[in-house]
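Peer 1: According to UniProt numbering, the sequence shown is numbered sequentially starting from 1. Built from N, CA and C at the ideal position, the CB exists for glycine as well.
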Amino acid sequence: PSSLPVCVTFLGRFYQSLKDNDVDFTPASIEKELLKSCKEAKGKENRLCYYVGATSDAATKIINEVSKPMSHHIPVEKICEKLKKKDSQICELKYGDTADLRKLRVKELRRILDDWGEACKGCAEKSDFIRRIHELMPKYA
1 PSSLPVCVTF LGRFYQSLKD NDVDFTPASI EKELLKSCKE AKGKENRLCY YVGATSDAAT
61 KIINEVSKPM SHHIPVEKIC EKLKKKDSQI CELKYGDTAD LRKLRVKELR RILDDWGEAC
121 KGCAEKSDFI RRIHELMPKY A
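(1) Quick test of the definition: if touching needs 3 or more C-beta pairs under 8 Å, does the segment 14-29 touch the segment 44-55?
(2) In chain order, what residues of the same chain have a beta carbon less than 8 Å from the beta carbon of L136, not counting five sequence neighbours either side?
(3) Between the beta-carbon of T55 and the beta-carbon of C80, is there less than 8 Å?
(4) Tell me whether the beta-carbon of K82 lies closer than 8 Å to the beta-carbon of P5.
(5) Compute the beta-carbon to beta-carbon distance between P27 and S88, rounded to the nearest angstrom, for a pair I have assumed lies under 8 Å.
(6) Tell me whether K57 sits in a helix, a strand or coil according to DSSP, three-state version.
(7) Flag this pair as yes or no: are the beta carbons of K86 and I63 separated by less than 8 Å?
(8) Going straight from the alpha carbon of S29 to that of E125, what length do you get?
(9) Rank R111, D100 and E92 by C-alpha distance to the C-alpha of S3 and give the top, closest one.
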């Protein structure tokens with residue numbers, strides 16, 4: 001996979017949502033939508049937003065390094081590579097490792113979901129909780 005999993009996944013989903021919602025592919029409207037998407041981002045994706053300057057508390061503003069190339073439909077992999085040159089922390093963002101979920105108790109798995117503000121309806125077995133966490137992982141971890 002990519003050496004920039006969070007960047008590629010998040011921006012890929014973002015690009016798709018722009019196309020799905022018929023957003024104008026101008027840097028300004030992309031920027032506006034990115035700020036909106038970043039408001040809802042959690043975990044590692046929120047860090048990414050922070051690094052590109054799409055959060056209210058961000059220290060740097062390189063948001064145009066996303067909006068401008070995206071307005072020309074440049075692949076997200078390329079955009080992420082460019083961002084990596086601007087801020088190497090972007091490639092240190094990875095989704096949480098899930099191999100150790102099996103070692104946790106159900107109570108701890110429940111707490112992970114609680115922290116995310118998510119529920120696990122109909123979860124009885126430990127495997128149900130783990131499956132639910134895996135489903136939500138891209139969004140939060």
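Peer 2: Taking the geometry as given:
(1) no
(2) As a working note, residue 136 is residue 136 in the sequence shown. Excluding its 5 nearest sequence neighbours in each direction, L136 has C-beta neighbours in its own chain below 8 Å: L113, W116 and E118, listed in chain order.
(3) Residue mapping note: residue 55 aligns to position 55 of the sequence shown, counting from 1. Residue mapping note: residue 80 aligns to position 80 of the sequence shown, counting from 1. Result no, Cβ atoms of T55 and C80 do not sit closer than 8 Å.
(4) Sequence index remark: in the sequence shown, residue 82 carries index 82 (1-based). Sequence index remark: in the sequence shown, residue 5 carries index 5 (1-based). Their beta carbons are not under 8 Å apart, which means K82 does not touch P5 by this criterion.
(5) In the sequence shown, residue 27 corresponds to position 27, counting from 1. In the sequence shown, residue 88 corresponds to position 88, counting from 1. Contact between P27 and S88 does not hold, since their C-beta atoms are separated by about 24 Å, which reaches or exceeds 8 Å.
(6) Taking the sequence shown and counting its residues from 1, one reaches residue 57 at position 57. Reading the sequence as shown, one finds Asp at residue 57 and not Lys. Taken through DSSP and simplified to helix, strand or coil, D57 comes out as coil.
(7) Counting from 1 along the sequence shown, the entry for residue 86 is found at position 86. Counting from 1 along the sequence shown, the entry for residue 63 is found at position 63. It is not a contact, given that the beta carbons lie outside the stated cut-off.
(8) For this step, residue 29 is matched to residue 29 along the sequence shown. For this step, residue 125 is matched to residue 125 along the sequence shown. One C-alpha to the other measures close to 45 Å.
(9) Residue mapping note: residue 3 aligns to position 3 of the sequence shown, counting from 1. When only C-alpha atoms are compared, the closest one is E92.
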